[in-house]
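A.B. asks:
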Amino acid sequence: MFSLANTANWSSHAFMPYHFSGVLSGAATCFYAFIGFDAISVSSEEAKTPQKSLPIATGVSVLVVTILLVLASAALTLFQPWELIDKKAAFTSALADRQLPWAMIITGIGSITGIVAALYCNNYAMPRVVYAMATDGLLFRQLAYVTPVTKVPIVAIIATSLLAALLAFLLDIEALADFLSIGTLIAYSIVACNVIILRYLRPQMANYPPIDAGQDTATEVDEASICGDAADDRRRISDGCLDADGKAGNAGGVNRPGAGGGDGGGPTSQLGENIGRLKYYFRNIPVLRRMNPGIGPIIALLVIIAGIIGASLTVNIGLADLSRGHPLAVLLLIFFIIVILFGFFVMLVHEQDKDIETFKVPVVPLIPCLAISLNIALIMKLQALTWIRFFVWLAIGLVIYFTYGLRNSRENAERLQQQSEKMPLSGSLSYQKLHDTKQQQQAATGTTDAEKKKEAEAAGQP
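Residue 522 in my numbering sits at position 257 of the sequence shown; the count goes up by one each step and never skips.
(1) What is the DSSP secondary structure of His284, reduced to helix, strand or coil?
(2) I'd like to know if the segment 410-430 and the segment 321-337 are in contact, where contact means that at least 3 CB-CB pairs between them fall below 8 Å.
(3) Would Val604 and Gln617 be called neighbours here (beta carbons separated by less than 8 Å)?
(4) If distances are taken between C-alpha atoms only, which option among Leu659, Val325 and Ser674 comes closest to Ile447?
(5) Nearest by alpha-carbon distance to Leu639: which of Ala399, Lys317, Ala576 and Ile300 is it?
(6) Pull the bridge partners of Leu543 from the DSSP assignment, please.
(7) Please classify Tyr666: does DSSP put it in a helix, a strand, or coil?
(8) Would a C-beta distance cut-off of 8 Å place Pro558 and Gly541 closer than the cut-off?
(9) Closer than 7 Å by C-beta to Ala292: which residues in its own chain qualify, once you throw out the five before and the five after it? Chain order, please.
(10) Quick check on DSSP: helix, strand or coil for Ile350?
(11) Looking at Asn387: is its Cβ nearer than 8 Å to the Cβ of Ala429?
(12) According to DSSP, simplified to helix, strand and coil, what is Met556?
(13) Closer than 8 Å is the cut-off here; do at least three beta carbon pairs connect the segment 268-282 with the segment 342-354?
(14) For Gly590, does the count of other Cβ atoms within 10 angstroms reach 16, so buried, or fall short, so exposed?
(15) Classify Leu680 as buried or exposed, calling it buried when 16 or more other Cβ atoms lie within 10 Å of its own Cβ.
(16) If you run the structure through DSSP and keep just helix, strand and coil, what is Phe302?
(17) Judging by CA-CA distance, which residue of Ser309, Asp437, Ile462 and Gln316 is the nearest neighbour of Glu622?
(18) Tell me which residues share the same chain as Ala298 and place their Cβ nearer than 8 Å to its Cβ, disregarding the 5 neighbours each side in the sequence.
(19) Roughly how many angstroms lie between the CA atoms of Ile377 and Lys544, to the nearest whole one?
(20) Count the CB pairs spanning the segment 658-673 and the segment 402-410 that are closer than 8 Å, and state whether there are at least three.
(21) What is the DSSP secondary structure of Arg521, reduced to helix, strand or coil?
(22) What are the uninterrupted segments assigned as alpha helix (DSSP H) that are 4 or more residues long and contained completely in the segment 336-412, given in chain order?
(23) Determine the contact status of Thr323 and Ile300, defining contact as a CB-CB distance below 8 Å.
(24) To the nearest angstrom, how far is it from the Cα of Met391 to the Cα of Tyr410?
(25) Suppose the cutoff is 7 Å on Cβ atoms and the five residues either side in sequence are ignored; what does the same chain contact list for Ala368 look like?
(26) Classify Val307 as helix, strand or coil using the three-state DSSP reduction.
(27) Secondary structure at Asn640, three-state DSSP: helix, strand or coil?
(28) Ignore the nearest five residues each way along the sequence and tell me which others in Thr357's own chain have a CB closer than 8 Å to its CB.
(29) Specify the secondary structure class of Lys625 as computed by DSSP and reduced to three states.
(30) Taking the C-alpha atoms as reference points, what is the distance between Ala495 and Arg555?
(31) Using a threshold of 8 Å, state whether the C-beta atoms of Leu566 and Ile461 are closer than that.
(32) To the nearest angstrom, how far is it from the Cα of Ile564 to the Cα of Ile570?
(33) Inspect the beta-carbon positions of Ala457 and Ala636 and report whether they are closer than 8 Å.
(34) For Ala312, which residues of its own chain have a beta-carbon under 6 Å away from its beta-carbon, when the five flanking residues on both sides are left out?
(35) Among the residues of its own chain, which have a CB less than 7 Å from the CB of Ile602, if the five just before and after it don't count?
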């Protein structure tokens, strides 16, 4: 096609006839062309070094697909004017119009091969996802059956293949493409959100105390009923002299500048306790300092998503007003941009988990936020009917989850069992630990609160 290219197709017939908005609309529909590289992550258990090979394979596959799609689109639009392209069979019809039957046959064979490859990719990745969910109990256990000879989830393969065939029979190709694109874009956006959340919050940090500007650990534990002098206990805890086990140490895992550890004598993270907390020099921010670790970045993420949705709606609905420089449309767009930047700043002032040993996404939170922005911009370009189909599909999934998956999830059962075995915490120190700590201190000194009270009464008698 490049040998028969006509560069006039990019000039006289306009390079972007529907402008940038049309490009986004087409990209939202054609995003399904990138679907398939997620099968690499599904096969992580079959890789020898998944922490290295999976990121490389994912990046290379996306890069190769991008190059091939760009070259194919460029060749087609240079070969034939865009208004003459047949949407149902773009390449074969273009070759037929130029009287190239041999090339049309080769292209047809290539199209059939591509369809077979797509079916193979679907039958490889999707059954494994269904198998993993069924193994955990989120889906019916029968879907997790593996044949003893071939070691493949045969029930999941049959179920997903029949479902794909049914959808292909009921819907046309455009509806399927939009339906597939919206689900994939939302799923990838959720993955990007999870990258941010996991970088700022660990499960074991959920019960950690909030940070206060007046104290290094922001922990004031009022247990006067069992600890005697509560003010003394609070003072020792805030000064970093008493940890959760009643031992001398740095409570909260925070070092003051010059106290050792960290770059430049600044605060360091001990055992990951600083993850999700405000950075040392930003701990005077009024509202954020009182939030539990990791909550600030999550709220900031929600603010960013709201700002991105607002900006996308402003551009989609008021594009004509923005092009004319309408003050209200411009101010509204600037407002949403400021909201996005504010949320991004809140993320930047929090500590991240820097001790991840496997592959981790670089330049967080910038790259995940960019991915979320692009995905939402593409989602907003899809048709309303696509949204209706998606919500119907989502409702079916939620019904299955709340009626079956939630009660039968193995992961959820294990988590609930672990929580039931743990003592509830009050602040950063549990009630029982404070009680045991006080008893240990009293045993070491040989006196108890009752004995101290008797001695005081005896000293006050004539």
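Ideal Cβ positions, reconstructed from N, Cα and C, are used throughout, including at glycine.
Small disclaimer: the values here were computed from a predicted structure and weren't measured.
C.D. replies: Taking the definition as stated:
(1) helix
(2) no
(3) no
(4) Leu659
(5) Ala576
(6) His615
(7) helix
(8) yes
(9) Leu643
(10) coil
(11) yes
(12) coil
(13) yes
(14) exposed
(15) Note that residue 680 corresponds to Arg in the displayed sequence, not to Leu. Burial call: exposed.
(16) coil
(17) Gln316
(18) Val330 and Leu334
(19) 56 Å
(20) yes
(21) Summary for Arg521: the model assigns pLDDT 40, below 50, so the residue's position carries little reliability, and this model does not support an answer.
(22) 355-362 and 366-401
(23) no
(24) 15 Å
(25) Leu360
(26) helix
(27) helix
(28) Met369, Thr372, Gly373 and Ser376
(29) coil
(30) Below a pLDDT of 50, predicted positions are generally treated as unreliable, and Ala495, at 40, falls in that range; no measurement from the model is reported.
(31) yes
(32) 10 Å
(33) yes
(34) Ser318
(35) Ala576
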